[in-house]
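Residue numbers (the working numbering): 475 to 680.
Data first, discussion second: the structure below is written as structure tokens.
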Amino acid sequence: MSNHTYPLIIGVSGASGLIYAVRALKFLLEADYQIELVASRSTHMVWQSEQNIRMPAETAAQEQFWRDQAGVSNSGQLHCHPWSDVGAGIASGSFRTLGMIVMPCSMSTVAKLAVGLSSDLLERAADVQLKEGRKLVIVPRETPFSLIHLRNLTALAEAGVRVVPAIPAWYHQPQTIEDLVDFVVARALDQLDIDCIPIQRWQGHR
Ligand SMILES: Cc1cc2nc3c(=O)[nH]c(=O)nc-3n(C[C@H](O)[C@H](O)[C@H](O)COP(=O)(O)O)c2cc1C
């Protein structure tokens, strides 16, 4: 049984870098968090392009899929939602959460969140976190940013969203892709006061 009071929502949108969501899920489930996960419709195409893997649409199969990708069989609680189910619990402010993290976050989702458009469950759940004054963290992935991207990101930052771009650091001397990814994921989870990833934090010059 999880000892964390409320679930955390993970939104996965169709930007490149699904490994960010997979690594976050691994550490959060291992730390016994309750996760409500919603992957946007475009995520299916990105899984296909990045990994040549078909992500199942049916929720029970999707839960097993994400657990297999994260390599976590039992711990934590994972509840997946169809992208179109705007009637899910996480679509309502009365459903209590620890907040939400969108990783990776596409520029399309950034734009929709910036104008309060809730055309799918991911966008609705994020909009709800904002209206309830809860924490919303996004990990945008695009390069280069256009002026429109930057304006939308600014609007979100002004609304209190923590913007943690998928930009790794090098001072912790990463040796693997996972080292690079985990650093970004850990810094994003820092914004939610969640510390469950054993990264090498800067301790000053040694
Ligand atoms: C393989 C692949 C990689 C993509 N990478 C990015 C990306 O890194 N950033 C981005 O903003 N959009 C990216 N896109 C485009 C988005 O998937 C597209 O704009 C989509 O409409 C986003 O929808 P969503 O935000 O609802 O997930 C990518 C698409 C594909 C197929």
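Note that the Cβ used here is the ideal one computed from N, Cα and C, for glycine as well.
| To the nearest whole angstrom, what separates the beta carbons of residue 648 and residue 613, a pair I think is in contact under 8 angstroms? | Here the question's residue 648 lines up with position 174 in the sequence shown. Here the question's residue 613 lines up with position 139 in the sequence shown. 17 angstroms between Cβ atoms; not a contact.
| query | Going straight from the alpha carbon of residue 632 to that of residue 655, what length do you get? | reply | Reading the sequence shown from its first residue, position 158 is the one you call residue 632. Reading the sequence shown from its first residue, position 181 is the one you call residue 655. In a straight line, the C-alpha of residue 632 is about 26 angstroms away from that of residue 655.
| task | Could you spell out the range, first to last residue, of the alpha helix (DSSP H) harbouring residue 612? | result | For the purposes of this step, residue 612 is taken as residue 138 along the sequence shown, with counting starting at 1. DSSP places residue 612 in no alpha helix (DSSP H) but in the uninterrupted beta strand (DSSP E) bounded by 610–614.
| request: Could you tell me whether the Cβ atoms of residue 565 and residue 598 are closer together than 7 angstroms? | output: Position 91 of the sequence shown, counted from the first residue, corresponds to residue 565. Position 124 of the sequence shown, counted from the first residue, corresponds to residue 598. For residue 565 and residue 598, yes; Cβs fall inside 7 angstroms.
| query | Can you tell which of 547, 646 and 496 has the C-alpha that lies nearest to the C-alpha of residue 517? | reply | The residue given as residue 517 occupies position 43 in the sequence shown. Looking at the Cα atoms, 496 is the closest of the given residues.
| ligand 1 site residues, beta-carbon cut 7 angstroms against heavy atoms | 487, 488, 489, 490, 491, 514, 515, 516, 517, 519, 520, 523, 524, 578, 580, 581, 582, 583, 594, 596, 615 and 616
| request: Taking 8 angstroms as the threshold, find out whether the region 502–511 comes into contact with the region 658–676 through three or more Cβ pairs. | output: The region 502–511, when compared against the region 658–676, does touch it at the 8 angstroms Cβ threshold.
| request: Alpha carbon to alpha carbon, how far is residue 513 from residue 662? Give it in angstroms, no decimals. | output: Numbered from 1 along the sequence shown, position 188 holds the residue referred to as residue 662. Numbered from 1 along the sequence shown, position 39 holds the residue referred to as residue 513. If you take the alpha carbons of residue 662 and residue 513, they lie about 18 angstroms apart.
| request: Helix, strand or coil for residue 574, going by three-state DSSP, please let me know. | output: Taking the first residue of the sequence shown as 1, we reach residue 574 at position 100. Strand at residue 574.
| Nearest-angstrom Cα distance between residue 542 and residue 645? | Residue 542 sits at position 68 when you count from the first residue of the sequence shown. Residue 645 sits at position 171 when you count from the first residue of the sequence shown. Rounded to whole angstroms, residue 542 to residue 645 spans 31 angstroms at the Cα level.
| task | Decide if the region 526–541 is in contact with the region 566–577; the criterion is three or more beta carbon pairs, one per stretch, under 8 angstroms apart. | result | The region 526–541 and the region 566–577 do not touch, with fewer than 3 CB-CB distances between them shorter than 8 angstroms.
| request: Return the residue from the list 480, 650 and 485 that minimises the CA-CA distance to residue 611. | output: The sequence position of residue 611 within the sequence shown is 137, counting from 1. Taking only the C-alpha atoms, the option nearest residue 611 is 485.
| DSSP state of residue 489 mapped onto helix, strand, coil | As a first step, residue 489 must be located in the sequence shown, where it is residue number 15. Coil.
| query | From 549, 640 and 570, pick the residue whose C-alpha is nearest to that of residue 606; which is it? | reply | Position 132 of the sequence shown, counting from 1, holds the residue named residue 606. Of the listed residues, the one whose Cα sits closest to residue 606 is 570.
| said: Under DSSP, the alpha helix (DSSP H) around residue 522 begins and ends at which residues? | reply: Position 48 of the sequence shown, counted from the start, is the residue given in the question as residue 522. Unbroken alpha helix (DSSP H) run through residue 522: 517–525.
| message | With DSSP as the reference, identify every bridge partner of residue 513, one or two as the case may be. | response | Taking the sequence shown and counting its residues from 1, the one referred to as residue 513 is at position 39. Per DSSP, the beta bridge partners of residue 513 are 486.
| field | Reference residue 535; option with closest CA among 526, 545 and 553 | value | Stepping through the sequence shown from its first residue, residue 535 is reached at position 61. Measuring from the Cα of residue 535, the nearest candidate turns out to be 553.
| DSSP three-state call for residue 677: helix, strand or coil? | Indexing the sequence shown from 1 puts residue 677 at position 203. Three-state DSSP puts residue 677 in coil, outside helix and strand.
| task | Could you work out which residue in 675, 622, 501 and 618 is closest to residue 551 when comparing CA atoms only? | result | As a first step, residue 551 must be located in the sequence shown, where it is residue number 77. It is 501 whose Cα lies nearest to the Cα of residue 551.
| query | Going by beta carbon distance, what residues of the same chain come within less than 6 angstroms of residue 664, once the five residues before and after it are set aside? | reply | Start at 1 with the first residue of the sequence shown, and residue 664 comes out as number 190. There are no such residues.
| query | Under a three-way DSSP split, which group does residue 591 fall into? | reply | By 1-based counting over the sequence shown, the position of residue 591 is 117. Three-state DSSP puts residue 591 in coil, outside helix and strand.
| message | Taking the beta strand (DSSP E) that residue 555 belongs to, which residues open and close that run? | response | Within the sequence shown, residue 555 is the residue found at index 81, counting from 1. Run containing residue 555: 551–555, per the beta strand (DSSP E) assignment.
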